[in-house]
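Notes for the one structure printed next.
2 protein chains.
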Amino acid sequence: MFDNLILYLQSKFTITDEEIEIVKQVCRLKKLRKRQYLLQEGDVWRYNAFISKGLVRTFRVDEKGQEHIIQFSSENWWTGDRQSYITDSPARYNIEALEDTEVILIPKGDFEGLYRSIPNFSDFMHLLMERTFIASQNRIHAGISYSAEEKYHDFLKTHPTLVNRVPQHMIASFLGLSPETLSRVRTKK
Amino acid sequence: MFDNLILYLQSKFTITDEEIEIVKQVCRLKKLRKRQYLLQEGDVWRYNAFISKGLVRTFRVDEKGQEHIIQFSSENWWTGDRQSYITDSPARYNIEALEDTEVILIPKGDFEGLYRSIPNFSDFMHLLMERTFIASQNRIHAGISYSAEEKYHDFLKTHPTLVNRVPQHMIASFLGLSPETLSRVRTKK
DNA sequence: AAAAACTCTTGACATTTATCAAGACAAATA
DNA sequence: TATTTGTCTTGATAAATGTCAAGAGTTTTT
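Residue numbers (UniProt numbering), protein chains in the order written: chain G, 1 to 189; chain H, 1 to 189.
Right under this line is the structure:
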């Protein structure tokens, strides 16, 4: 039931069988069908969520009704709204399944408990946070430095597996381009 | 000598006098004159750096010689190249003082020592990392969603103190706009 | 199987933003 | 003080990207 998470943890750091039991104790599985929402703008996000199967998008809708995707999360990635999680404020993002998806939810309090009882887990998650931050800095750099074409090629490099799973207009939204511009960038060469 | 850092730490979490001594032990003060570099692309960054006075910019230069500023850091903020720090790889960023600046450097090994000996410090820095990540997500959102004008107004909101300290063309670089466009955005209205 | 919804492309055109060049100040330096 | 350097603005023009509209395939739903 939580096998994918266990395998993930074992691959990332040393964890004992007892510790695995502690983790399992606080996990809850949630199944989402394609197009179902994991989080809706306005709700408070109180979990850490591990995608064990499938794919979700995190996005916002502006006043003009335009969607802006700030993240895709597929198997073996974490998702959620950090702002809402940290400050207990209403989420500004929506999270929606792009495929049938399985998510393992760990409530905030339990998650903090894991940090205390499993130091290796805490260390790893902090390192992961660092890496995630570095990735987001790279994305900022791409955003302010690259042309439409360069942004797309950068996306191919950094998210090679997503290109065939995500509709093109969503990649455009993720990159801050119109779908038409992305289409033209792709066909031309 | 390290007063500003001490005051900062005391304002952020509970820290004992003994712990402050431990911190002082590993601090090194570095003074930079305006236009001096704290880090040059290609060097490995091995510190955590606290700005106790002044202002620096973190930027990259592309093949066309164009500079792209990904961060400003002023008093009571940390700076450095996380990628280089975490992976011991050559830095891809330059860090340059925009004013006469004082930086407190703590070498990587010592910094990890502080994490072990001062749990409150570790907890706080992890929380700070979370907040920094949230800020960078907000910036990504602005980058893919906003027009030039909206980007500038967002900058005014998120960095109100910098507008009068940083040359306008550097704000443009930070926002991914040409200096001329930013100038026009500002005068119009 | 038919209908509906979604996805991508393409063309014509509009808008935004960048580029190039010049000039006016202001600040830093000799 | 004179000179140089840096900063910002403005205009003319070019280039990049967005918008609107249509159509052709796909996939999903009924």
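A virtual CB, placed ideally from N, CA and C, is assigned to each residue, including glycine. Please read all numbers here as calculations on a predicted model, not as lab measurements.
Proximity winner among the options, relative to residue i (alpha-carbon distances)
i         : options                                  : result
H/Arg-82  : H/Leu-162, H/Cys-27, H/Asp-100, H/Leu-39 : H/Leu-39
H/His-159 : H/Ile-171, H/Ala-148, H/Glu-149          : H/Ile-171
G/Arg-186 : G/Lys-151, G/Leu-7, G/Tyr-85, G/Arg-28   : G/Lys-151
H/Ala-97  : H/Ser-173, H/Leu-5, H/Gln-10, H/Val-166  : H/Val-166
G/Pro-90  : G/Trp-45, G/Leu-7, G/Gln-66, G/Tyr-115   : G/Trp-45
H/Arg-184 : H/Ile-86, H/Ala-148, H/Met-129, H/Leu-7  : H/Ala-148
G/Thr-161 : G/Ser-74, G/Ala-49, G/Ile-51             : G/Ser-74
Alpha carbon of residue i to alpha carbon of residue j, nearest angstrom
i                      : j         : result
G/Val-163              : G/Lys-30  : 26 Å
H/Ile-15               : H/His-169 : 41 Å
H/Val-103              : G/His-68  : 38 Å
G/Arg-60               : G/Gln-137 : 20 Å
G/Leu-156              : H/Arg-28  : 42 Å
G/Leu-5                : G/Ile-95  : 20 Å
H/Asp-88               : H/Phe-72  : 23 Å
residue 215 of chain H : G/Gln-10  : Because chain H here runs from 1 to 189, residue 215 of chain H falls outside it and cannot be looked at.
G/Ile-86               : G/Lys-188 : 44 Å
G/Gly-113              : H/Leu-127 : 16 Å
H/Asn-76               : H/Tyr-37  : 19 Å
H/Glu-180              : H/Ala-49  : 33 Å
G/Ile-70               : H/Gln-66  : 26 Å
G/Asp-43               : H/Ala-135 : 20 Å
G/Ile-22               : G/Lys-64  : 46 Å
Close Cβ partners of residue i (< 7 Å) along its chain, the five nearest in sequence each way excluded
i                      : result
G/Asp-154              : Ala-142, Tyr-146
residue 191 of chain G : The structure shown does not extend to residue 191 of chain G, since chain G spans only 1 to 189, so no value can be given for it.
H/Lys-108              : Arg-46, Tyr-47, Tyr-85
H/Ser-178              : Ala-172
H/Asp-17               : none
Contacts around residue i, its chain only, beta-carbon distance under 6 Å, and the 5 residues preceding and following it disregarded
i        : result
H/Glu-19 : Ile-118
H/Glu-99 : Lys-34, Gly-54, Leu-55
G/Phe-13 : Asn-120, Phe-124
Whole-Å CB distance - residue i paired with residue j, under 8 Å assumed
i         : j        : result
H/Phe-133 : G/Thr-58 : H/Phe-133 to G/Thr-58, Cβ: 13 Å. No contact.
G/Leu-105 : G/Tyr-47 : 5 Å
G/Glu-41  : G/Tyr-93 : 6 Å
H/Thr-79  : H/Leu-32 : Contact flag wrong, Cβ pair sits at about 11 Å.
H/Ile-140 : G/Ile-51 : At roughly 20 Å, the Cβ-Cβ gap does not stay under 8 Å, so H/Ile-140 and G/Ile-51 are not in contact.
Same chain, Cβ closer than 8 Å to residue i, five either side skipped, listed in chain order
i         : result
H/Gly-176 : His-68, Gly-143, Lys-151
G/Tyr-115 : Phe-121, Ser-122, Met-125
H/Val-26  : Ile-106, Pro-107, Asp-110, Phe-111, Gly-113, Leu-114
G/Asp-62  : His-68
G/Leu-182 : Ala-148, Tyr-152, Gln-168, His-169, Ile-171, Ala-172, Leu-175
The ligand ADP heavy atom lying under 7 Å from the CB of residue i
i         : result
G/Val-103 : The ligand ADP is not part of this structure, which contains no ligands at all.
Query raised in the report: Could you give the uninterrupted runs of the beta strand (DSSP E) lying entirely in the segment 44-81 of chain G, keeping only those of 3 residues or more?
Result: 47-53, 55-61, 67-74, 77-79
Report task. Any chance you could list the alpha helix (DSSP H) runs of at least 4 consecutive residues sitting entirely within the segment 154-184 of chain G, in chain order? Result -> 168-175
Report task. Mind listing, in chain order, the continuous alpha helix (DSSP H) runs of no fewer than 4 residues lying wholly within the segment 98-140 of chain H? Result -> 108-117
Report task. With a floor of 4 residues, list each alpha helix (DSSP H) that falls wholly inside the segment 17-43 of chain G, ordered by position along the chain. Result -> 17-25
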